[in-house]
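**Student:** Pasting a structure below so you can have a look.
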Amino acid sequence: MTAGINPLGNIRIVLVRPIYGGNTGSVCRAMANMGLSDLVTVAPKNIRMEEAEIFACWAKDILRNRREVATLAEAVKDCAWALGATARPGLYRQHCRTPREWAPRVLEAASANRVALVFGPEDNGLSNDDLECCTHVVRIPSTPEYSSLNLSHAVMICAYELYAASGQFEPMVER
Numbered sequence: 028m029t030a031g032i033n034p035l036g037n038i039r040i041v042l043v044r045p046i047y048g049g050n051t052g053s054v055c056r057a058m059a060n061m062g063l064s065d066l067v068t069v070a071p072k073n074i075r076m077e078e079a080e081i082f083a084c085w086a087k088d089i090l091r092n093r094r095e096v097a098t099l100a101e102a103v104k105d106c107a108w109a110l111g112a113t114a115r116p117g118l119y120r121q122h123c124r125t126p127r128e129w130a131p132r133v134l135e136a137a138s139a140n141r142v143a144l145v146f147g148p149e150d151n152g153l154s155n156d157d158l159e160c161c162t163h164v165v166r167i168p169s170t171p172e173y174s175s176l177n178l179s180h181a182v183m184i185c186a187y188e189l190y191a192a193s194g195q196f197e198p199m200v201e202r
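Reminder that position 151 of the sequence shown reads as 178 in my numbering, one-by-one numbering, no gaps.
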């Protein structure tokens, strides 16, 4: 990574067709916890903003400053990398890695370019068409019996791995 550059500032979270305000607000809170602030929503489906604000807690600025676009292609057009998160096997999904495996490479890319982490709608996840807009695929390890994660939890896991790999965390010193 380039000295003096905070790559977390170049990382964008993209929510494709999100459905629930609570999840959108919780994503904002997770982003704030991990030093991320760039949120783009793609064609949200009647998000209840009152609910989103409640779940965002003190991260309402991320919610208010988010951009809303019509297509995933528009959301990632200025990104050198776009990592699509998926739990399903199949087309475009065979070369996936975990968030931990991707984190160092994402941070390196984000030291000079914008990078997007793309998450699908809560009911179905990213489609094959959505994944066509992505340059890489990420899969969060989970049990095969129940591999689908809540949207905000998936964002938090990916954001945590990036924050941890960034080396910015400094534990408190006991006195």
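Just so you know, even glycine gets a beta-carbon here, dropped at the ideal spot from N, CA and C. Keep in mind that this is a model prediction, so the values were computed, not measured.
Report yes if the C-beta distance between Met76 and Leu66 is below 8 angstroms; otherwise report no.
**Tutor:** no
**Student:** Three-state secondary structure (DSSP) at Asp150?
**Tutor:** coil
**Student:** Does Ala100 come out as helix, strand or coil in the three-state DSSP assignment?
**Tutor:** helix
**Student:** With respect to the alpha helix (DSSP H) encompassing Leu90, which residues constitute its N-terminal and C-terminal limits?
**Tutor:** 87-92
**Student:** Under the DSSP definition of a beta bridge, which residues are partnered with Ala107?
**Tutor:** According to DSSP, which records beta bridges pairwise, Ala107 is partnered with nothing at all.
**Student:** Since Glu149 and Pro45 are thought to touch, with beta carbons under 8 angstroms apart, how far apart are those beta carbons, to the nearest angstrom?
**Tutor:** 7 angstroms
**Student:** Would you mind sorting Glu201 into buried or exposed? The rule is 16 or more other CB atoms within 10 Å of its CB.
**Tutor:** exposed
**Student:** Would you report the Cα separation of Met28 and Asn60, rounded to the nearest angstrom?
**Tutor:** The predicted position of Met28 is uncertain, since its pLDDT is 43 and thus under 50; a value taken from the coordinates is nonetheless stated next. If you draw a straight line from the Cα of Met28 to the Cα of Asn60, it is about 22 angstroms long.
**Student:** Can you tell me whether Tyr229 is buried or exposed, with buried defined as 16 or more other CB within 10 angstroms of its CB?
**Tutor:** Here the chain has residues from 28 to 202 only, and residue 229 is not among them.
**Student:** At the level of alpha carbons, what is the spacing between Ile167 and Ala143?
**Tutor:** 16 angstroms
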